[in-house]
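If you use mature numbering (1 follows the signal peptide of the UniProt record, and there is no 0), the sequence shown corresponds to residues -24 to -1, 1 to 613, in order.
Here is the structure we will look at.
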Amino acid sequence: MTRTLQRWLGAFVVLFLLSSLAQAASQTALVQLVEYVGADYINAVQDGTIVSDEEYVEMEEFSRLLHEGIGQLDDVEGRDTLLEQAAALQQAVADKAPEADVKALAQSIRGTLVDVYGIPVMPKAAPDMARAAEVYQSTCALCHGQEGRGDGPAGAALEPAPTDFHELARYEGRSLLGLYTTITGGVEGTGMAAYEETLSEADRWALAFYVGSMAVTPEMAASGKTAINNERELKTALTLDAVIAKAPEDVRNQLGDQAYDAAGYLRTEPQALFSQNRFIEISDGKLSEAEQAYAAGDTGAARAAALSAYLDGFEMIEQQLSAVDPAVMRGIERRFMAVREGIERGMPQAEVSDRVAQARAGLQEAEDILSGDGLSAAATFSASFFILFREGLEALLIIAALLTFTRKADAKTATRYIHYGWILALAAGVATWYLASTLINLSGATREITEGVAGLAAAVILFYVGFWMHNHSQSQKWLGYIKNKVDSALDGGTVWALAVVSFISVYREMFETILFYQALWTQVTAATQSYLFYGFGAAVVALAVVCVLIFRIGMKLPLGLFFKATSLILLVLSVILLGKGVAALQEAGILNARYLPLPTIEWLGFFPTVQGALAQAAAIVLAVLMWLRSRGQVKSS
């Protein structure tokens, strides 16, 4: 393993995460661009004639930037369609096409962006509409007017004029996501300033809901409330991501007039979108979407919806459900796997529909279990304890084994590098928590891909380090170096490998732990929040005890036996992480999955798929062959 490769592996996960965040941010900006073109084109062109040169230049620029921005997105299925739509919009602006044509193209692009690349951001809690009204009056009313009709005293001199939020046509063409990104980043060349620095994320989301609901009449809201309370299918279709990302005209075109009214009601009463079981609603809606797409022959859309049903819905309540009834959690997880397998294998429509029905029934079971006033004190403590203990144990075993080894060898340089690795991983984990909590929501696919890549990278390096130790455990010359405590017995390549595996092992577990605790926090009440911290503290104590035991036992073992035991531990962990990495990439849809009628053994990293089982089997066979080879070389020498 070359030093360059080792450094690359160490930086890969962090770079991947940063690129994913940048990608999501660019998608958000594109939503803002296309909505602005669709909503403001009428101020530039009317009846084929330019009515404002400044506005028209802006429309040309924005349509060009939109096309260029889409060209820079990841080349996934559906991007070519987006490029064609963006080119058509750019040409329509150049041809001074009718407003209806431009709006239709903008609507199509917005919908395709959301469908192909997902929802990059969403509020972390229900927006406070009372707070939004206060912020609006202090921040926005001067230009947009006290009632939001675009008639504020400072707005009279602005070109273009401030938005009239009561204008129905503009309301129908603007999503909450577009409003939020406009409030956050402003609009260059207009009087709309950016408020990213002066308003908190929560205030910006509250403002988006507030101004985005000004055109909703009381009659529309009442009709929408009745519809969403009486129609379960409508409730599951209008999930948080759908209400945020889709403009009202998109909702009406796709789901009908009742859904249009319901979306308006949810803008006025966003608390209804933040029920305790909203992840179940998201999952249920995506399953229904997958079934409909498969019936229509759109396998790609069905596959994407089925993945989203698991990644953006059920996965976020797995730990809470496992704390109450782990058998039910595993059973429902297998039902989601069955849906994805049916779609991947092109099974008959009736069989796929049956699997979807079973998965949705499982969601209903989960909803019943999690219903009520949040998790109990015992369930909260248990979930909190096992989240940290389970995720931390793998990383602790690796770090403790490596540090025990370098301390026995008095290899101070290597010890420092291992410390650098896990300390950097903790910092990266805190940065990830901050980004995921305040700036952007990581999509389910991004989460799984990051975990999968980190798992595979850690597996490869652990395999390397494990065999390096095993080979040296047979070398009397090298053991002599260690006994004499010669720090230079470790070459530079091995030192870097130890640092990289230290970083990846800890960061991977921190990344997953953060996500699980974020989900758990939504399931606890004020009365049980303290038990979450009790469970966390108990897990820290338990991990500390395990760490002390590893150090004491390891330091007392003879060098040769210690090397053999440590190499075996690292090799076993490499096989476990390999299985988890493959499973994560399968859940993200990167790798296909063919499921086996066997139980999941998570602590061994065994997830019953042909691909995962073959990968782990191949690693075990390779380990045995290399062990036999090294044993033969020792005998011959």
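We treat Cβ as the ideally placed atom computed from N, Cα and C, and that holds for glycine.
- Between Arg150 and Asp140, the CB-CB gap reaches or exceeds 8 Å.
- Ala169: not part of any alpha helix (DSSP H); DSSP gives it neither H nor E.
- Around the beta-carbon of Ala520, fewer than 16 other beta-carbon atoms lie within 10 Å, marking it exposed.
- Nearest in C-alpha terms to Tyr286, of all of Asp301, Ile256 and Ala277, is Ile256.
- Between Ser259 and Glu370, the CB-CB gap reaches or exceeds 8 Å.
- Considering only Glu75, Lys388, Thr542 and Glu123, the residue with the shortest C-alpha distance to Ala20 is Glu75.
- Counted as a single uninterrupted DSSP element, the alpha helix (DSSP H) harbouring Cys119 occupies residues Ala117 to His120.
- Cβ neighbours of Asp237 within its own chain (closer than 8 Å, five residues either side excluded): Met196, Ala197, Ser199, Gly200 and Ala203.
- With distances taken between CA atoms, Phe492 lies nearest to Gly368 out of Leu544, Val429 and Gly368.
- Pro224 and Glu148 have their C-alpha atoms some 5 Å from each other.
- Relative to the Cα of Thr576, the nearest Cα in the group Ile159, Thr160, Arg311 and Ile526 belongs to Arg311.
- For Met313, the uninterrupted alpha helix (DSSP H) segment begins and ends at Pro302 to Glu320.
- Look at Thr576 here: in three-state DSSP terms it is coil, with no helix or strand label.
- In the assembly as shown, Val586 is an exposed residue. Its beta-carbon has fewer than 16 other beta-carbons within 10 Å.
- Val558 has its alpha-carbon roughly 13 Å from the corresponding atom of Glu578.
- When Val315, Tyr112, Glu37 and Ala515 are compared, the shortest CA-CA separation from Phe362 is found for Ala515.
- By the 16-neighbour rule on beta-carbons within 10 angstroms, Phe582 is buried.
- Between the beta-carbon of Val328 and that of Glu265 there is about 13 Å, and that puts the pair past the 8 Å contact cut.
- Counting along the chain, Asp344 sits inside the alpha helix (DSSP H) bounded by residues Gln325 to Leu346.
- Counting of Cβ neighbours within 10 angstroms places Phe509 among the exposed residues, the total staying below 16.
- The DSSP-derived three-state label of Thr25 is strand.
- Taking C-alpha positions only, Ala178 is separated from Pro136 by approximately 28 Å.
- Taking 8 Å as the cut-off, the Cβ atoms of Gly131 and His142 do not count as close.
- Measuring C-alpha to C-alpha distances from Tyr112 to each of Lys556, Ala73 and Ser189 identifies Ser189 as the nearest.
- In the structure shown, Phe582 adopts extended strand secondary structure according to DSSP, grouped into three states.
- In terms of Cα proximity to Gln592, the closest of Leu339, Asp127, Val436 and Leu89 is Val436.
- Counting along the chain, Arg125 sits inside no alpha helix (DSSP H), nor does DSSP assign it H or E at all.
- The residue among Glu164, Leu432 and Pro246 with its C-alpha nearest the C-alpha of Leu561 is Leu432.
- Short of 7 Å from the beta carbon of Ala117, and not among the five residues preceding or following it, lie these beta carbons of its own chain, in chain order: Gly128.
- Judged by beta-carbon spacing, Gln22 lies beyond the 8 Å limit of Asp226, meaning their Cβ atoms are not closer than that value.
- Comparing alpha-carbon positions, the option among Glu173, Ala184 and Ser114 lying closest to Met105 turns out to be Ala184.
- Here Ser550 is buried, its C-beta having at least 16 other C-beta atoms within 10 Å.
- Beta-bridge pairing by DSSP links Tyr571 to Thr585.
- In this structure, the alpha-carbon of Thr57 lies about 32 Å from that of Ala191.
- Around the beta-carbon of Ser506, fewer than 16 other beta-carbon atoms lie within 10 Å, marking it exposed.
- Per the C-alpha coordinates, the member of Pro584, Phe38 and Arg331 positioned closest to Val163 is Phe38.
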